[in-house]
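Please read the structure below before turning to the comments.
Protein chains in written order, with the working numbering: chain D, 1 to 110; chain B, 1001 to 1110.
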């Protein structure tokens, strides 16, 4: 069993300071060892028909489904999730085992 | 400017053989050098309230926005996209420059 991703697409409520939310999430995730990696981004398409109104993507990677469960059930995640959800107009969550169909090229030697 | 991701969430129409679609996409992407990497997965939450009905995630990474544009405008992508879209009940697309907030741990030396 390989990597599992917890993918979260959101649209923030008007007036939410997204940078602050991202800072809080980055701090939380950096202190939670079971989170293998965390990346995020803001949509640049701006095409409502394609994005369905979602504007930001947050993607957390875990080494296993157990690590994801351990993160989701952690009290620090629960505390953050309450504040996070309150800042959202809409949210979509998908958890999936990652199938790497084309691996990235190897990094050049340091 | 770093990596850009093209994220596609879908729900397939009933009767679609998902493995065949994935095989076709994998073949296409493996032959398109501007696609840096490609991963996909199937949702395991099965919670309509959270997934909004989307069941599969396809994530393509590009080294730059130019590479993404070059892929999207390529005739081979256009040909595939037509068949792909016809297999979908719903689709959501987000393109975003990737912000790596917590990098994955380095791989152990080979």
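Using N, Cα and C, we set each Cβ at its ideal position, and we do this for glycine too. Values in this document were obtained by computation on a predicted structure and should not be read as measured data.
Contact of residue 7 of chain D with chain B by beta-carbon distance below 7 Å involves 1057.
Cβ-Cβ distances below 7 Å link residue 1042 of chain B to 1055, 1056 in the same chain, with the five nearest sequence neighbours on each side left out; the list follows chain order. Short of 6 Å from the beta carbon of residue 26 of chain D, and not among the five residues preceding or following it, lies no beta carbon of its own chain.
Near chain D, meaning a CB-to-CB distance below 7 Å, the residues of the stretch 1023 to 1056 of chain B are 1026, 1029, 1030, 1035, 1036, 1037, 1038, 1039, 1040, 1041, 1042, 1043, 1044, 1045, 1050, 1051, 1052, 1054. Think of a sphere of 9 Å around the beta carbon of residue 1109 of chain B: no beta carbon from chain D falls inside it, the nearest being about 11 Å out. Below the 7 Å Cβ cutoff, chain B contributes 1043, 1044, 1045 as neighbours of residue 95 of chain D, in chain order. Counting only runs of at least 4 residues, the stretch 45 to 89 of chain D fully encloses the following alpha helix (DSSP H) elements, listed from N- to C-terminal order: 48 to 51, 65 to 72, 75 to 86.
Membership of residue 39 of chain D in any alpha helix (DSSP H) is not indicated; the residue belongs instead to the beta strand (DSSP E) covering 37 to 42.
DSSP places residue 1016 of chain B in the coil class of the three-state scheme, outside both helix and strand. Residue 16 of chain D has a beta carbon lying at 8 Å or more from every beta carbon in chain B. Of the candidates B:1003, B:1016, B:1008, B:1016 places its Cα closest to the Cα of residue 1087 of chain B. Nearest to residue 1032 of chain B by C-alpha distance, out of B:1061, B:1011, B:1047, is B:1061. Per DSSP, residue 99 of chain D is one residue of the beta strand (DSSP E) stretching across 99 to 102.
Residue nearest to residue 1023 of chain B within the set D:93, D:106, D:101, D:109 is D:101 (criterion: CA-CA distance). Look at residue 102 of chain D: its C-beta is under 8 Å from a C-beta on chain B. With distances taken between CA atoms, residue 51 of chain D lies nearest to B:1094 out of B:1094, B:1081, B:1089. In summary, residue 1030 of chain B is exposed, with fewer than 16 beta-carbon neighbours lying within 10 Å of its beta-carbon over all protein chains present. For residue 86 of chain D, not one C-beta of chain B is nearer than 8 Å to its own C-beta. Residue 98 of chain D is a Cβ neighbour of residue 5 of chain D, given a cutoff of 8 Å.
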